[in-house]
Amino acid sequence: MKLIQAIIRQEKLKDVVDKLTTVVVGLTVSEVRGHGRQRGHSAVYRGVEYHLTLLPKVMIEIVIDDNKVDDVLKVLAESAKTGEIGDGRIFILPVEQTYHIRTGFMDY
């Protein structure tokens, strides 16, 4: 199994989740803040320029079987892309085991 973490723009969340529900059973969404290579951006408020370093983003986490990873990556990459700086990043991590709290069942 794999854990897929996708950090995307907030405005793309609905589109991404709608398309992911055709491929995955469950997912977790968290609001996060951070920056990539661009180190944030400048904004002007009431004539004063501010430098915003931690930009609001959304992180989607999905635990999926190894054979479905490519399908999830394809959906994420296509639905989250705007073609501009700050579109986000996808991470894939191995999952050794999971434990179902209600049933006590453990997946290996």
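Quick note: the sequence shown uses the working numbering, first residue 253, plus one each step. Here a beta-carbon is modelled for each residue, glycine too, at the ideal position from N, C-alpha and C.
Considering residue 310, what are the terminal residues of the beta strand (DSSP E) in which it resides?
Unbroken beta strand (DSSP E) run through residue 310: 307-316.
Closest to residue 271 by CA distance: which of 282, 257, 255 and 326 is it?
Checked all of 282, 257, 255 and 326; the closest Cα to residue 271 is 326.
Is DSSP giving residue 281 helix, strand or coil here?
Residue state, collapsed to three classes: strand.
By Cβ distance, which residues of its chain are closer than 6 angstroms to residue 353, with the 5 residues on each side in sequence left out?
Counting only Cβ-Cβ distances below 6 angstroms, and skipping sequence neighbours, we find nothing.
Assuming residue 314 and residue 279 are in contact, meaning their beta carbons sit under 8 angstroms apart, how far apart are those beta carbons, in whole angstroms?
Yes, they are in contact, since the Cβ atoms of residue 314 and residue 279 sit about 5 angstroms apart, within 8 angstroms.
Could you check if residue 327 belongs to the surroundings of the ligand MG, using beta carbon to heavy atom distance under 8 angstroms?
The ligand MG is not among the ligands present in this structure, which contains no ligands whatsoever.
Pick out whichever of 281, 254 and 288 has its Cα sitting closest to the Cα of residue 341.
Per the Cα distances, 288.
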